[in-house]
Every structure is written in structure tokens, then in C-alpha cells.
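Participant: One structure follows; several queries about it will come next.
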Amino acid sequence: MNNTNQTKESLSYRGAGVDIDAGNELVERIKPAVGSTMRPEVLTGLGGFGALFKMDPGRWREPLLVSGTDGVGTKLLLARQLRQHDTIGIDLVAMCVNDILTSGAEPLFFLDYFATGKLHLDEAQQVIEGIAEGCRQAGCALIGGETAEMPGMYGAGEYDLAGFAVGAVEQSELLDGSRIMAGHRIIGLASSGPHSNGYSLVRKVIEQSGAELESTLLETENGSVTLGAALMAPTCIYVKPVLSLLRNQRIDGLAHITGGGLTENIVRVLPDGLGIEIDTSAWTRPEVFRWLQEQGRIEETEMLRTFNCGVGMVMIVPGKDAPDVISQTESLGIGCFDIGSVIKAAEGSRVRYR
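Residue 368, in this note's numbering, is where the sequence shown stops; the numbers in between run on with no holes.
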């Protein structure tokens, strides 16, 4: 009787597609980037089972913790197509920290989840160094993360990202929208492009138009900008300028303009019974939005409900304070526009465009 076990090859985790040594090398490679994001409150380094963060009792009186999680969606497919992996991590951080900022919270730390079928060290290093850059822009620590190599789950060259951010705000300074009234002004902060939303539609427009990502979208004084570059522009991180404004100005509401566009995101922070009136001529949309609308024959209502259309975040402020808020925002180097006002909600609709 044959012993079939003697004829079978010896199996290993590496042979099954998971390279533990490559994962360990990645940790060593990213240590300098991760270390550059550290804050004094971080008590642990990379390699532990959990990360420790100690709140400074001398600074916080009644802190509320605010958390958020997100990904970057199908923008990852463009990153892979263009082999541009160094900025997608900024997008990941931005989508999380901009969300928790809307409560008035300062982001404290961030964790990432990087999943792939086969770990390519150079590519993964670029992604995580981009995450570290996003954390530096937001002033939060990249306190930990997870790299998961899962052959069979993802195809060749595929990876996915998720991020998790935790911030804090004093209970007395929490932005919950309760102070917003009819007559408040809506101040838009300029976006860098589509940020990380609407890319399933973006890719459909590219497919339908037959456009090449390397083709020139527009000419500037600094040279030409390709379609791919405009679409891959990393999401703006508004944390530092907005926290500075919150210390010096009265801001009663913040909304991050993500999926749902201007139409759905601003009303999320308004009390019941209130709506918005937006003047779409109050700002100039980046050229990439004109291109998308023209090439995709996209209706205006669909544009405003899908994309940020050039406004990545809005601040809602009392009318008398709007000029000072705009002046100080511009002094921080952020493009901003008075795009409309808070109104009493009309029957059947809370959003009005003119």
C-alpha cells in the first residue's frame, strides 16, 4: 500500500503566496516615515500588538473622542493604471481626518489597513509613505496599521486601503450645528479636484470618451497639466487652517463635501427646518469638472450631487462674521468663496441652486 504523504511536496506559507520576510522588511522600510509623524502622546513604536496614546490631562478638560473611517474607492484603479502610488495615501488620510474635523476635532492618531494579493515592497512603501505625508499635513501620528497579504483574494497588482482616525474636541467647543440659523453664510474652501469621490463615474467618462490619461487637460504658467494628473491630485487636508480659524473666528458648522456632493452634505449639519441656497456662479470650477461634464454629458444636478465641483469643505458662519472669516482664510493661503446662505427649508426640498 502506497503512502501518499511521502509523494506530496512539503508546503510552506511562502509557497502558498504569503511572504512573512517581505512583510518584516516593509516594516523596517517605513519606520523613518512613520517616525516623522509622532506626537509626544504616543507611547509605543511599530511592532506591538496595540498602540498606546496618552491624553495630556494638562491640555484637555472635558475631551470628547471623535472617530472616523474611510477608504479611497476606485481612485485606486487609476493609481494602479498610472503607477502612481505616492499620493493615494494622502487621499486616505484626508478622507478620514476631514470628516472628524467637522466636529471641531483635532486629529490625534491614525491607523491604516493595506490589503493585497502579493506584497510588492516598493509599491507598498510608496503608499505608506504617502499615508505618513497625509498624517504630517494633518498633525496626527501614524500610530499603527496592518499589512495583509491574501493571495486569491486580490488579483495581480491589486491592493485596497482603509483608514481609521481618532481625534478630540473639548465638549464645550463641539460643533453640532445647533447654533446655525437662517441668514448664516456658507463659505466654501477650494478643492484640488474630485478628491476621492465619484471615480466610478470618472472612469466611465474616460471609457466612453476614449481619452488618454496622458493627454493635456490645460496649460498653466507652470506648464501643461495632464488629465491623469488632474484626476490624481491628492485630496486637500483642511485640518491645520480650519483649526486655526476655529481658534479665532466663530464657525458654527463644517461640512466635508464627499460622496453626495454639495447637494447632500451641507444639509447634514443643519438643524431641522433649515435649508441652503447656493449661488453656483460664486466660484470657478477647476477645469477637470468642465471636462467631465462635457465628455460625459452629465446633467448639472448629477454633477452637484456626485462631485465637490471645486468646493471641498464648507464653513457655516454668522453673516456679520463672513468677511473676517474669508479674509483670514485667504491669509492662510486657502482659496475660499461666499457661495450662499442658510434659509428656511422650502416645502419638499432643503436645497436651492441659483
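Note that beta-carbon positions come from the ideal geometry of N, C-alpha and C, so glycine has one too. Predicted model only: the values in this text are computed from it and were never measured.
Which residue comes first and which comes last in the alpha helix (DSSP H) that contains Ile292?
Facilitator: Premise fails: Ile292 lies in the beta strand (DSSP E), 288-292, not in any alpha helix (DSSP H).
Participant: May I ask which residues mark the beginning and end of the alpha helix (DSSP H) holding Pro46?
Facilitator: From DSSP, the alpha helix (DSSP H) with Pro46 extends over 34-49.
Participant: Between which residues of its own chain and Thr51 is the CB-CB distance below 6 Å, once the five residues before and five after are set aside?
Facilitator: The residues are Ala146, Cys149, Arg150, Ala155, Leu156.
Participant: Under three-state DSSP, which class holds Arg75?
Facilitator: Coil.
Participant: Just verifying my parser: in three-state terms, what is the DSSP assignment at Ala65?
Facilitator: If DSSP states are grouped into helix, strand and coil, Ala65 belongs with coil.
Participant: Can you list, in chain order, the residues of its chain whose CB lies under 8 Å from that of Ala182, leaving out five sequence neighbours each side?
Facilitator: Met69, Trp74, Pro77, Leu78, Leu79, Val80, Ala119, Glu120, Leu122.
Participant: Which same chain residues end up closer than 6 Å to Asp126 when comparing Cβ atoms and leaving out the 5 residues on each side of it in sequence?
Facilitator: Around Asp126: Ile145, Gly159, Gly177.
Participant: Buried or exposed: which applies to Lys369, given that a residue is buried once 16 or more other Cβ atoms fall within 10 Å of its Cβ?
Facilitator: Beyond the ends of the chain as shown, which are 15 and 368, falls residue 369; an answer cannot be given.
Participant: If we require 4 or more residues per run, which alpha helix (DSSP H) segments fall completely within the region 220-256?
Facilitator: DSSP runs (the alpha helix (DSSP H)) wholly in the region 220-256: 241-246.
Participant: On the three-state DSSP scale, how would you describe Leu268?
Facilitator: Leu268: strand per DSSP, three-state reduction.
Participant: Over the uninterrupted alpha helix (DSSP H) stretch that includes Ala162, give me the two end residues.
Facilitator: It is not in any alpha helix (DSSP H) - Ala162 instead sits in the beta strand (DSSP E) that spans 155-163.
Participant: According to DSSP, is Glu120 helix, strand or coil?
Facilitator: If DSSP states are grouped into helix, strand and coil, Glu120 belongs with the strands.
Participant: Quick check on this structure: which residue in Cys250, Glu226, Arg368 has the alpha carbon closest to the alpha carbon of Leu96?
Facilitator: The shortest Cα separation from Leu96 among Cys250, Glu226, Arg368 belongs to Glu226.
Participant: Three-state secondary structure (DSSP) at Gly103?
Facilitator: Gly103 falls in the helix class under three-state DSSP.
Participant: In three-state DSSP terms, what is Tyr27?
Facilitator: Reduced to three states, the DSSP call for Tyr27 is coil.
Participant: Less than 7 Å between the beta carbons of Ile114 and Gly153, yes or no?
Facilitator: Contact flag unset, no.
Participant: With distances taken Cα to Cα, identify the nearest neighbour of His209 among Leu60, Ser341, Ile265, Val107.
Facilitator: Minimum Cα distance to His209 is reached at Val107.
Participant: Exposed or buried, Pro46, counting other C-beta atoms within 10 Å across all chains shown (16 or more means buried)?
Facilitator: That one is exposed.
Participant: Asp100 to Val281, Cα distance in whole Å?
Facilitator: Approximately 34 Å between the Cα atoms of the pair.
Participant: Quick check on DSSP: helix, strand or coil for Ile201?
Facilitator: Strand at Ile201.
Participant: Distance, Cα to Cα, Gly207 vs Pro255?
Facilitator: Near 19 Å, if we compare the C-alpha coordinates of Pro255 and Gly207.
Participant: Within 10 angstroms of its Cβ, does Ile290 collect 16 or more other Cβ (buried), or is it exposed?
Facilitator: Classification of Ile290: buried, given that the 10 Å Cβ count is 16 or more.
Participant: Tell me whether the region 284-303 and the region 186-194 touch, counting them as touching only if at least three CB pairs, one residue from each stretch, are closer than 8 Å.
Facilitator: Taking 8 Å as the limit for Cβ pairs, the verdict is that the region 186-194 does touch the region 284-303.
Participant: What does DSSP give as the partner residues of Thr130 in its beta bridges?
Facilitator: DSSP output for Thr130 lists Glu163, Tyr173 as bridge partner(s).
Participant: Going along the chain, which residues of its own chain have a beta-carbon closer than 7 Å to the beta-carbon of Glu278, five neighbours each way excluded?
Facilitator: Excluding positions up to five away in sequence, the list reads Arg319.
Participant: Measuring alpha carbon to alpha carbon, tell me which of Asn211, Gly310, Ser186, Asn112 ends up nearest Arg261.
Facilitator: Of the candidates Asn211, Gly310, Ser186, Asn112, the one whose C-alpha sits nearest the C-alpha of Arg261 is Ser186.
Participant: Quick check on this structure: which residue in Tyr252, Gly333, Lys358, Val41 has the alpha carbon closest to the alpha carbon of Glu143?
Facilitator: That would be Val41, whose Cα lies nearest to the Cα of Glu143.
Participant: Does the beta-carbon distance from Ile330 to Gly267 come in below 7 Å?
Facilitator: The answer is yes: Cβ separation under 7 Å.
Participant: Quick one: what does DSSP say Arg299 is sitting in, helix, strand or coil?
Facilitator: DSSP places Arg299 in coil when its eight states are reduced to three.
Participant: For the beta strand (DSSP E) holding Met329, just list the boundary residues, first then last.
Facilitator: That run of the beta strand (DSSP E) goes 325-331.
Participant: Using the three-state DSSP reduction, which class does Asp190 fall into: helix, strand or coil?
Facilitator: Asp190 falls in the coil class under three-state DSSP.
Participant: State buried or exposed for Asn236, treating a residue as buried only when at least 16 other CB atoms are found within 10 Å of its CB.
Facilitator: The residue is exposed, with fewer than 16 neighbouring Cβ atoms inside 10 Å.
Participant: Taking the alpha-carbon of Val180 as reference, which of Gly49, Thr230, Leu245, Val111 has the nearest alpha-carbon?
Facilitator: Here the closest residue by C-alpha is Val111.
Participant: Is it buried or exposed for Leu288, if we count other Cβ within 10 angstroms and need 16 for buried?
Facilitator: Per the 10 Å Cβ criterion, buried.
Participant: Could you spell out the range, first to last residue, of the alpha helix (DSSP H) harbouring Gly144?
Facilitator: Residues 135-152.
Participant: How many Å lie between Ala129 and Gly31 at the Cα?
Facilitator: Computed Cα separation, rounded: 13 Å.
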